[in-house]
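Peer 1: Numbering (the numbering used here), first residue to last: 1 to 165. Think of the CB as a built atom: it goes at the ideal place given N, C-alpha and C, for glycine as much as any other residue.
#1: Alpha carbons only, please: which of 130, 24, 3, 144 is nearest the one belonging to residue 102?
#2: Going along the chain, which residues of its own chain have a beta-carbon closer than 6 Å to the beta-carbon of residue 133, five neighbours each way excluded?
#3: By a C-beta neighbour count over all protein chains shown, 10 Å radius and 16 as the cutoff for buried, is residue 123 buried or exposed?
#4: Can you name the start and end residues of the alpha helix (DSSP H) that residue 53 belongs to?
#5: Excluding the five sequence neighbours on either side, which residues of its own chain have a C-beta within less than 6 Å of the C-beta of residue 114, listed in chain order?
#6: If we count the other Cβ atoms within 10 Å of its Cβ and call it buried at 16 or more, is residue 140 buried or exposed?
#7: Is it right to say residue 32 is buried, meaning 16 or more other beta carbons lie within 10 angstroms of its own, or is it exposed?
#8: Between residue 71 and residue 13, which are expected to be in contact by the criterion C-beta below 8 Å, what is the C-beta distance as a whole number of angstroms?
#9: Would you identify the three-state DSSP class for residue 136, choosing helix, strand or coil?
#10: Please give the ranges of any alpha helix (DSSP H) in the segment 91-148, keeping only runs that are unbroken, at least 4 residues long and fully inside the region.
#11: Nearest to residue 48 by alpha carbon, out of 59, 20, 61?
#12: Less than 8 Å separating the beta-carbons of residue 16 and residue 83?
#13: How many angstroms separate the CA atom of residue 129 from the CA atom of residue 104?
#14: I need the straight-line Cα distance from residue 136 to residue 149, nearest angstrom please.
#15: Short check: CB of residue 100 to CB of residue 6, under 8 Å?
#16: With a CB to CB cut of under 6 Å and the five nearest residues on each side skipped, what residues in its chain are close to residue 117?
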């Protein structure tokens, strides 16, 4: 259900945005007057000791956007940016894994899609940056879908030629 998925994405976005803000509070122990002490923030503690939780979230959201019929792409894009920023090294590994799983002639194109995804994106969560990421993600998804359609059309065409000869 789209509304359930949108609600889950909004909740995940709030969680990872909070985590990002706590971990990127300009070097002070407290981000602002009255804020939670980073060292005593339970969420920060859990995510530092079990980063695989964030890795799995990033992998899941990215795979849904790339390979499934994603009807609420905007909602899915909101938690994806903070997940990428929180897991930049893992995102690089995931990106390389996805690229290497493509056919040899498609790897350069897939690498280009990923480069375009992060084009112009800064390491912060201000609205303008989030909106730019959402636009980039829309293009990214369209390019991936188009490349898969081209591959299927080519495969069908080749099979048709083989059957007629």
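Peer 2: The answer reads as follows:
#1: Working through the chain shown from its first residue, we reach residue 102 at position 102. Closest by alpha carbon: 144.
#2: Counting from 1 along the chain shown, the entry for residue 133 is found at position 133. If we look at residue 133 and ignore the five residues flanking it on each side, its Cβ neighbours are 81, 121.
#3: Residue 123 sits at position 123 when you count from the first residue of the chain shown. Classification of residue 123: exposed, given that the 10 Å Cβ count is below 16.
#4: Along the chain shown, read from residue 1 onward, the residue named residue 53 stands at position 53. 52-67 is the extent of the alpha helix (DSSP H) around residue 53.
#5: Along the chain shown, read from residue 1 onward, the residue named residue 114 stands at position 114. Closer than 6 Å at the Cβ level, and outside the excluded window around residue 114, lie 95.
#6: Residue mapping note: residue 140 aligns to position 140 of the chain shown, counting from 1. It is buried - the Cβ of residue 140 has at least 16 other Cβ atoms within 10 Å.
#7: For the purposes of this step, residue 32 is taken as residue 32 along the chain shown, with counting starting at 1. Its pLDDT being 47, under 50, residue 32 is placed unreliably in this model, and the value from its coordinates should be taken loosely. Exposed is the call here.
#8: Taking the chain shown and counting its residues from 1, the one referred to as residue 71 is at position 71. Taking the chain shown and counting its residues from 1, the one referred to as residue 13 is at position 13. Wrong, their Cβ atoms sit about 17 Å apart, outside the cutoff.
#9: In the chain shown, residue 136 corresponds to position 136, counting from 1. Residue 136 falls in the helix class under three-state DSSP.
#10: 107-117
#11: Position 48 of the chain shown, counted from the first residue, corresponds to residue 48. Residue 48 has its Cα closest to that of 20, out of 59, 20, 61.
#12: Translated into the one-based positions of the chain shown, residue 16 becomes position 16. Translated into the one-based positions of the chain shown, residue 83 becomes position 83. The answer is yes: Cβ separation under 8 Å.
#13: Counting from one through the chain shown, the residue named residue 129 turns up at place 129. Counting from one through the chain shown, the residue named residue 104 turns up at place 104. Using only the alpha carbons, I get a separation of about 33 Å.
#14: The sequence position of residue 136 within the chain shown is 136, counting from 1. The sequence position of residue 149 within the chain shown is 149, counting from 1. Those two C-alpha atoms are separated by around 20 Å.
#15: Here residue 100 refers to the residue found at position 100 of the chain shown. Here residue 6 refers to the residue found at position 6 of the chain shown. Taking 8 Å as the Cβ cut-off, residue 100 and residue 6 do not qualify as a contacting pair.
#16: For the purposes of this step, residue 117 is taken as the residue at position 117 of the chain shown. Excluding residues within five positions, the ones whose Cβ falls inside 6 Å are 136, 140.
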